[in-house]
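In the numbering used here, the protein residues as written are 26 to 429.
Inspection log for the structure reproduced underneath, given as structure tokens.
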Ligand code: PCP
């Protein structure tokens with residue numbers, strides 16, 4: 026029986042997930058067959074890994090670790106994992122589950138669903154972050170997803186490197202402040218953009234940034250000028266969300282707006298663009314705008330395909346063809362050279378460059394107890410940004426690990 030007390034939304038309750046009801050029916054049938062065949066005692070080690078990344082991806086950034094820890098907490102399993110926010114490469118184990126298969130096999134769908142969805146969003150946000158450099162990157166994407174998972178999507182976008190998110194609940198759950206500008210609906214309701222901007226300015230608390238939406242009726246540079254003249258020094262910026270039917274060349278629209286604002290003495294006014302922005306648009310606009318509002322391209326990213334495979338049975342290496350048997354560890358040096366070794370093999374220095382290495386898989390759960398300290402979203406984001414900085418500074422990036 027699934028958890029009761031829900032509204033009529035097609036969403037799983039947390040207890041449905043924790044108790045293994047959000048699963049593929051073949052796992053449930055496998056559990057029954059294993060139990061009735063008296064194989065309950067079979068112990069396995071299962072590794073989660075991605076054997077191929079989306080086209081053009083050289084790395085991905087791990088998300089979902091905190092949620093996986095919560096859904097496995099209390100089960101008789103040991104879990105080792107890379108820390109949330111760790112950059113990983115193809116074929117590297119990012120997590121390992123150990124225990125009696127019968128006690129956790131049914132959790133596979135939920136574990137992978139969390140890892141894959143979050144990792145895909147975190148990775149895309151990180152790619153957008155790299156493309157944007159130090160430009161402001163705001164995530165406006167919860168309208169692209171089911172509201173039940175909006176906080177997860179907001180968190181993933183944030184830890185991937187967005188500066189802030191617009192979702193109120195998502196921000197609240199991360200202890201962050203939501204950010205936003207103003208919707209067209211508000212401007213249209215006033216019937217006059219200047220009245221709308223002024224009312225916003227008069228009524229909003231001082232800590233809310235004054236960013237005027239400047240594309241509702243007139244030309245962008247005319248509206249931007251009007252906004253700067255109406256709000257004076259209080260205007261932080263303008264948002265250009267020009268519809269695609271009128272866009273032509275967004276770079277030129279932004280440049281023209283910038284030129285005009287400067288010419289009229291409003292050089293401090295920042296320009297934000299939004300609406301259908303993806304990585305390539307970010308690259309093409311970064312030198313002419315101050316920030317981006319991004320929704321769909323981060324909320325609906327290419328899927329990072331993470332699979333969970335048995336690599337050991339009752340202490341013996343065993344896997345299906347196409348997957349490397351045996352439990353593994355991943356060691357990384359400062360140059361992002363990764364070496365995959367059998368779990369029991371310890372590595373002190375990088376075989377490629379002799380730099381010191383650190384093991385990436387660390388204990389997360391011991392017999393159902395979470396033993397790792399779970400960092401805040403901001404701490405994870407800081408870790409992601411550090412790695413991105415390092416990757417950007419490297420002359421060459423080794424896209425595949427070395428196998429010991
Ligand atoms: C859009 C809305 C989305 C932003 C852009 C991201 O702005 O704020 O969250 O869009 P994307 O999914 O295309 O990247 P508007 O179209 O200005 O929304 P509204 O008309 O409600 O102001």
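Every residue gets a Cβ at the ideal spot worked out from N, C-alpha and C, and that includes glycine.
Bear in mind the structure is a predicted one, so any value in this text is a computation, not a measurement.
Test item: CB-CB of residue i and residue j under 8 Å
i: residue 255; j: residue 222; result: yes
i: residue 484; j: residue 126; result: Lying outside 26 to 429, the shown extent of the chain, residue 484 is not represented and no answer is given.
i: residue 121; j: residue 72; result: yes
i: residue 253; j: residue 291; result: yes
i: residue 154; j: residue 411; result: no
i: residue 364; j: residue 375; result: yes
i: residue 315; j: residue 160; result: yes
i: residue 402; j: residue 199; result: yes
i: residue 331; j: residue 141; result: yes
i: residue 117; j: residue 426; result: yes
Alpha-carbon to alpha-carbon, residue j and residue i
i: residue 6; j: residue 246; result: Missing from the structure shown is residue 6; the chain here goes from 26 to 429 and no further.
i: residue 281; j: residue 269; result: 17 Å
i: residue 220; j: residue 211; result: 10 Å
i: residue 275; j: residue 416; result: 29 Å
i: residue 346; j: residue 336; result: 11 Å
i: residue 366; j: residue 93; result: 25 Å
i: residue 156; j: residue 418; result: 14 Å
i: residue 356; j: residue 283; result: 48 Å
i: residue 358; j: residue 85; result: 17 Å
i: residue 158; j: residue 311; result: 8 Å
i: residue 289; j: residue 279; result: 16 Å
i: residue 407; j: residue 105; result: 22 Å
i: residue 230; j: residue 260; result: 14 Å
Coil, strand or helix - residue i by DSSP
i: residue 123; result: strand
i: residue 74; result: strand
i: residue 203; result: coil
i: residue 402; result: helix
i: residue 409; result: helix
i: residue 243; result: coil
i: residue 57; result: helix
i: residue 353; result: strand
i: residue 215; result: helix
i: residue 83; result: coil
i: residue 418; result: helix
i: residue 234; result: coil
i: residue 325; result: coil
i: residue 372; result: coil
i: residue 133; result: helix
i: residue 270; result: helix
i: residue 150; result: helix
i: residue 34; result: coil
i: residue 451; result: In the structure as shown, the chain starts at 26 and stops at 429, and residue 451 therefore has no counterpart that could be examined.
Chain B contact for residue i (CB, 8 Å cutoff)
i: residue 349; result: You won't find chain B in this structure, because it holds only one protein chain.
Which residues DSSP lists as bridging residue i, in chain order
i: residue 141; result: For residue 141, which the question treats as bridged, DSSP gives no partner whatsoever.
i: residue 344; result: None, per the DSSP bridge assignment.
i: residue 358; result: 382
i: residue 297; result: 264 and 316
i: residue 395; result: 390
i: residue 104; result: 122 and 390
i: residue 275; result: DSSP, once it has assigned bridges, lists no residue as partnering residue 275.
i: residue 363; result: 357
i: residue 161; result: 316
* To do: Please confirm if the stretch 92 to 105 is in contact with the stretch 129 to 142, defined as three or more CB-CB distances below 8 Å between the two stretches.
  => yes
* Asked: Contact between the stretch 174 to 183 and the stretch 142 to 149: three or more CB pairs below 8 Å?
  -> yes
* Quick check: the stretch 75 to 93 against the stretch 327 to 339, are there 3 or more CB pairs under 8 Å? -> yes
* Given 8 Å, three or more beta-carbon pairs between the stretch 285 to 304 and the stretch 255 to 264 -> yes
* Determine contact between the stretch 45 to 53 and the stretch 307 to 314, defined as no fewer than three beta-carbon pairs at a distance below 8 Å. => no
* Does the stretch 373 to 389 come close enough to the stretch 160 to 174 to have 3 or more Cβ pairs within less than 8 Å? -> no
* **Cβ contact (3+ pairs, closer than 8 Å) linking the stretch 187 to 201 and the stretch 344 to 357** => no
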